[in-house]
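Same order as they appear, the protein sequences are chains D and B.
For the record, in the first sequence the residue sitting at position 42 is 443 according to the numbering used here, with numbers rising by one throughout.
For the record, in the second sequence the residue sitting at position 79 is 480 according to the numbering used here, with numbers rising by one throughout.
Think of the CB as a built atom: it goes at the ideal place given N, C-alpha and C, for glycine as much as any other residue.
There are 2 protein chains.
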Amino acid sequence: MELIGFVAAILTTAAFLPQVYKTWKTKDVSGLSLLMLIIFFIGIIGWLVYGFLKHSPSMIFANSITLISSALLIFFKIKYRK
Amino acid sequence: MELIGFVAAILTTAAFLPQVYKTWKTKDVSGLSLLMLIIFFIGIIGWLVYGFLKHSPSMIFANSITLISSALLIFFKIKYRK
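As structure tokens, this is what we get:
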């Protein structure tokens, strides 16, 4: 069961990382909404807590990485916005 | 416990929907990678299966909506790409 979770975790986080890289390289944050990033960030904290409560290693793994990724996007958005 | 999951589900899906709406309105799919969307889509299918195996209503709810959202983005990407 955890194998399916980990495959899902790797696929969804792998799809998210190029966005972070692209934003870092291009400094183009016009398409990103700060409010949406913050809502997403709080949501990921919720999933992380839920992952702990469900004793789900794959959820804890995936949401930890996504939490860092979305924190970076918030940082870039604030730093590079006009 | 499911309350935390549902709050997380609502927050993360709510943050994703404006992206779908924005892409639909602007038809600007240049910032989206088809490969990444497909990887993400497969990952969400994995999370959905995992949610069923974990008997998690909030994961099933969140990933069903995200699955539809990402399917729409793939459709827009194919339809509007140059």
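Beta carbon of residue i nearer than 8 Å to that of residue j
| i | j | result |
| --- | --- | --- |
| Ile405/B | Gly447/D | yes |
| Ile445/B | Thr467/B | yes |
| Met402/D | Leu454/B | yes |
| Lys426/D | Tyr481/D | no |
| Gly452/B | Ile461/B | yes |
Expected contact under 8 Å - CB spacing of residue i and residue j to nearest Å
| i | j | result |
| --- | --- | --- |
| Lys478/D | Leu436/D | Contact flag wrong, Cβ pair sits at about 10 Å. |
| Ala409/B | Ser471/B | That pair is no contact at about 18 Å. |
| Leu449/D | Asn464/D | 4 Å |
6 Å CB neighbourhood of residue i in its chain, flanking five on each side removed
| i | result |
| --- | --- |
| Phe407/B | Ser459 |
| Gly415/D | According to the sequence as given, residue 415/D is Ala; it is not Gly. Nothing meets the Cβ criterion. |
Residues of its chain near residue i, where Cβ-Cβ distance is below 7 Å and the 5 sequence neighbours each way are ignored
| i | result |
| --- | --- |
| Phe417/B | Thr467 and Ser470 |
| Leu438/D | Ser471, Leu474, Ile475 and Lys478 |
| Val430/B | Thr424, Phe477, Lys478, Tyr481 and Arg482 |
| Ser457/B | Gly406 |
| Val421/D | Ser470, Leu473 and Leu474 |
| Ile411/B | none |
Beta-carbon contacts of residue i that lie in its chain and below 8 Å, excluding the five residues immediately before and after
| i | result |
| --- | --- |
| Thr413/B | Ala463 and Thr467 |
| Pro419/D | none |
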